[in-house]
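Structure first, then comments.
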Amino acid sequence: MAQGHMIPMIDMARLFAERGVYVSLVTTPHNASRFESIITRASHSGLPIKLVQFPFPSQEVGLPIGYENLDSLPSRNLLGQFYKALNMLQKPLESYLERNPIPITCIVSDKCLFWTSETAKKFNIPRIVFHGMCCFSLLASHNIKLHNAHNSVNSDSEPFPIPELLPHHHHQRIEITRAQLPGAFVTQPDLDDFRDRMKEAETTAFGVVVNSFDELEKGCSVKYGKALNNKVWCIGPVCLSNKNELDKLERGNRTLINDRECLQWLDTMEPNSVVYACLGSQCRLVPSQLIELGLGLEASGQPFIWVVKPGEKFYEFENWLKEERFEERIKGKGMLIMGWAPQILILAHKSIGGFLTHCGWNSTIEAVCFGLPMITWPLFAEQFLNEKLVVEVLRIGVRVGVEVPVRWGDEEKIGVLVKRDEVRRAVEILMMDSGDDDDDEVKNRRERARILGDMAKRATDQEGSGSSYLNISSLIKDVANYYS
1 MAQGHMIPMI
11 DMARLFAERG
21 VYVSLVTTPH
31 NASRFESIIT
41 RASHSGLPIK
51 LVQFPFPSQE
61 VGLPIGYENL
71 DSLPSRNLLG
81 QFYKALNMLQ
91 KPLESYLERN
101 PIPITCIVSD
111 KCLFWTSETA
121 KKFNIPRIVF
131 HGMCCFSLLA
141 SHNIKLHNAH
151 NSVNSDSEPF
161 PIPELLPHHH
171 HQRIEITRAQ
181 LPGAFVTQPD
191 LDDFRDRMKE
201 AETTAFGVVV
211 NSFDELEKGC
221 SVKYGKALNN
231 KVWCIGPVCL
241 SNKNELDKLE
251 RGNRTLINDR
261 ECLQWLDTME
271 PNSVVYACLG
281 SQCRLVPSQL
291 IELGLGLEAS
301 GQPFIWVVKP
311 GEKFYEFENW
321 LKEERFEERI
331 KGKGMLIMGW
341 APQILILAHK
351 SIGGFLTHCG
361 WNSTIEAVCF
371 GLPMITWPLF
381 AEQFLNEKLV
391 VEVLRIGVRV
401 GVEVPVRWGD
411 EEKIGVLVKR
421 DEVRRAVEIL
431 MMDSGDDDDD
441 EVKNRRERAR
451 ILGDMAKRAT
461 DQEGSGSSYL
471 NISSLIKDVA
481 NYYS
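The sequence shown runs 1 to 484 under the UniProt record's numbering.
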């Protein structure tokens, strides 16, 4: 699956194990290599958790060996084979369940693994769905479809209100355009059957688990549960379960940089002065857009760490870096990281003052955890909905100004959406007085972010009073009651 789904699942598995639940984390070899050491450490510490690996049937579906994760797929044209391979994991999972000496009492599975609902029914065990999204975005998507709101306008660029989203006492109208809706609203013949089966499987689920906390969702967790007529447990932010420094460093993938070098560089910076810019593991922006982003960060005059994911035509970007001597120019003021970065280690550092993000939910809630305001640059999926939550509801973000998505396969057609001056301006608005945004608003935005960070930590309070801690207890109790 995608990194954005795997990473919180690993954190979630450890959280359940910390509560005395025996956990088998099922994955494939290439994916396991990214986090095996984390699970090994957890197991050696006495937690009842183990890793179960099934071979990924790459060759059977015509995929190159090792292509077991969406971030490793070189082309959208391979999605059909990838999902077909995922479906072929049903038989090995059921064989494992049949021979496992400890009876499995619950399946928590990604929404894309719709066939786990059939497996759960076969073994008479509950299946809990994980979407990797927040309740705000899940409820928004549900209500837009339910009321057919996206067909109330005449064009893809015309805004329409999202119906019945926030509780009435908020008196707030949230609007979005058809172009900004998640991919599930876009007809794709090669994926429509897959989506239908996924949606159908969700109707038989025991409940939905969400990497968020009730206080952040502004009533949407309760409303989403009522909309589904099902259980919804907010048990996050799950990233706060990472206490070990090695776990934080290795979370998600192996980083190519020296973490000490990165943290020592941050130690030389003033508190709240550095912008962390990362557009996620699925970012496939064209080199010309990456160049505009880099030049905008440089022009802002603000210290920054910029994470860039190598991709198609990346040589053009690398050539520009060399020809323009970009890394030399930013020395002492900026740091460029190619590939994976130890994100929560960086975000937790006192020198980080803002996060330029694609609004993927993991990154969004990690920013919330560490009390950071955000510059929002949504790319696709539900990220424009997350932007609405960050900027309009929580009021802890500044838009860079993106109006349309960059869906996988459309990168060349879309080209450059954000110019360097727009990046520079967004950084200035977030980090300092720019003329349009007075100092009070900068301080208030930062204070709102800080308060949310404190709330996130209280939600996961293991003394027994945090809302997410209590929701994990409720989930475990609800599963136990399934058998009584």
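We put the CB at the ideal spot given by N, CA and C, even for glycine.
Helix, strand or coil for residue i? Go by DSSP, reduced to three states.
{"i": "P8", "result": "helix"}
{"i": "S473", "result": "helix"}
{"i": "M88", "result": "coil"}
{"i": "R399", "result": "strand"}
{"i": "L356", "result": "strand"}
{"i": "D436", "result": "Bear in mind that a pLDDT of 47 at D436, under 50, signals an unreliable position, so the number given afterwards is only what the model happens to contain. The answer is coil: DSSP assigns D436 none of H, G, I, E or B."}
{"i": "A17", "result": "helix"}
{"i": "G464", "result": "coil"}
{"i": "E164", "result": "coil"}
{"i": "K218", "result": "coil"}
{"i": "Y482", "result": "helix"}
{"i": "W320", "result": "helix"}
{"i": "W306", "result": "strand"}
{"i": "L452", "result": "helix"}
{"i": "A2", "result": "coil"}
{"i": "G339", "result": "coil"}
{"i": "S24", "result": "strand"}
{"i": "E158", "result": "coil"}
{"i": "T204", "result": "coil"}
{"i": "G334", "result": "strand"}
Around the C-beta of residue i, are 16 or more other C-beta atoms found within 10 angstroms, so that it is buried, or is it exposed?
{"i": "Q343", "result": "buried"}
{"i": "E324", "result": "exposed"}
{"i": "T27", "result": "buried"}
{"i": "L285", "result": "buried"}
{"i": "Y224", "result": "buried"}
{"i": "H44", "result": "exposed"}
{"i": "P103", "result": "exposed"}
{"i": "L146", "result": "exposed"}
{"i": "V155", "result": "Residue 155 is actually Ser in this sequence, not Val. Exposed is the call here."}
{"i": "H170", "result": "exposed"}
{"i": "D193", "result": "exposed"}
{"i": "N31", "result": "buried"}
{"i": "G46", "result": "exposed"}
{"i": "T203", "result": "exposed"}
{"i": "L475", "result": "buried"}
{"i": "T268", "result": "exposed"}
{"i": "A52", "result": "Looking at the sequence itself, residue 52 is Val, so the reference to Ala does not match. Under this definition V52 is an exposed residue."}
{"i": "Q180", "result": "buried"}
{"i": "D436", "result": "With a pLDDT of only 47 at D436, under 50, the local geometry of the prediction cannot be trusted, and the value read off the model is given with reservation. When all chains shown are included, D436 counts as exposed."}
So the candidates are the options; which of them puts its Cα closest to the Cα of residue i?
{"i": "E94", "options": "N124, L297, R76 and E324", "result": "N124"}
{"i": "E463", "options": "I305, K84, A13 and R19", "result": "R19"}
{"i": "E422", "options": "E403, D440, G409 and R407", "result": "E403"}
{"i": "D11", "options": "Y22, S33, H30 and I38", "result": "I38"}
{"i": "S137", "options": "D71, P182, F114 and D156", "result": "P182"}
{"i": "V442", "options": "P29, L430, R450 and G354", "result": "L430"}
{"i": "D196", "options": "A184, F206, G207 and A205", "result": "A184"}
{"i": "residue 511", "options": "F130, V308, L191 and L279", "result": "In the structure as shown, the chain starts at 1 and stops at 484, and residue 511 therefore has no counterpart that could be examined."}
{"i": "P271", "options": "I346, K199 and S468", "result": "I346"}
{"i": "N211", "options": "Y482, P101, S467 and A42", "result": "S467"}
{"i": "F56", "options": "Y67, K122, L47 and I49", "result": "Y67"}
{"i": "G207", "options": "S58, R127 and E250", "result": "R127"}
{"i": "A85", "options": "S109, C106, Q59 and R99", "result": "Q59"}
{"i": "I375", "options": "I365, E366 and E387", "result": "E387"}
{"i": "V479", "options": "I330, W361, V398 and A205", "result": "A205"}
{"i": "Q383", "options": "I7, S363 and G371", "result": "S363"}
{"i": "W377", "options": "E366, G371 and V390", "result": "V390"}
{"i": "Y22", "options": "P29, T105, R34 and Q90", "result": "T105"}
{"i": "D214", "options": "W340, Q188, W320 and C134", "result": "C134"}
Could you pull out every residue in the same chain whose Cβ sits closer than 8 Å to the Cβ of residue i, ignoring the five residues on either side in sequence?
{"i": "L166", "result": "Q172, I174, K218, G219, C220 and V393"}
{"i": "L15", "result": "I235, V238, S241 and I472"}
{"i": "G62", "result": "Q81"}
{"i": "V406", "result": "R284, L285, L379, F380, I414 and L417"}
{"i": "I107", "result": "T116, T119, A120, I125, P126, R127 and I128"}
{"i": "N87", "result": "W115"}
With a CB to CB cut of under 7 Å and the five nearest residues on each side skipped, what residues in its chain are close to residue i?
{"i": "V274", "result": "L266, P303, F304, I305, S351, I352 and G353"}
{"i": "C369", "result": "P237, C239, L240, G453 and A456"}
Taking Cβ positions only, does residue i come closer than 8 Å to chain B?
{"i": "L240", "result": "Going by chain labels, chain B is absent from the structure shown, which holds only one protein chain."}
Take residue i and list the residues in its own chain whose beta-carbon comes closer than 6 Å to its own, dropping the five residues that flank it on each side.
{"i": "R178", "result": "H150 and D156"}
{"i": "K248", "result": "N242, I344 and L345"}
{"i": "H349", "result": "L266"}
{"i": "residue 485", "result": "For the chain, the structure presents residues 1 to 484; residue 485 sits outside this window and is missing."}
{"i": "V398", "result": "I375, A426, I429 and L430"}
{"i": "P92", "result": "F54"}
If you scan the region 95 to 154 from start to end, which runs of the beta strand (DSSP E) of 3 or more residues do you find wholly inside it?
107 to 110 and 127 to 130
Quick one: which unbroken alpha helix (DSSP H) runs of 4-plus residues sit fully inside the region 244 to 285? Chain order, please.
245 to 250 and 259 to 267
Going residue by residue through the region 41 to 72, where are the continuous alpha helix (DSSP H) segments of at least 4 residues, counting only ones entirely within it?
58 to 61
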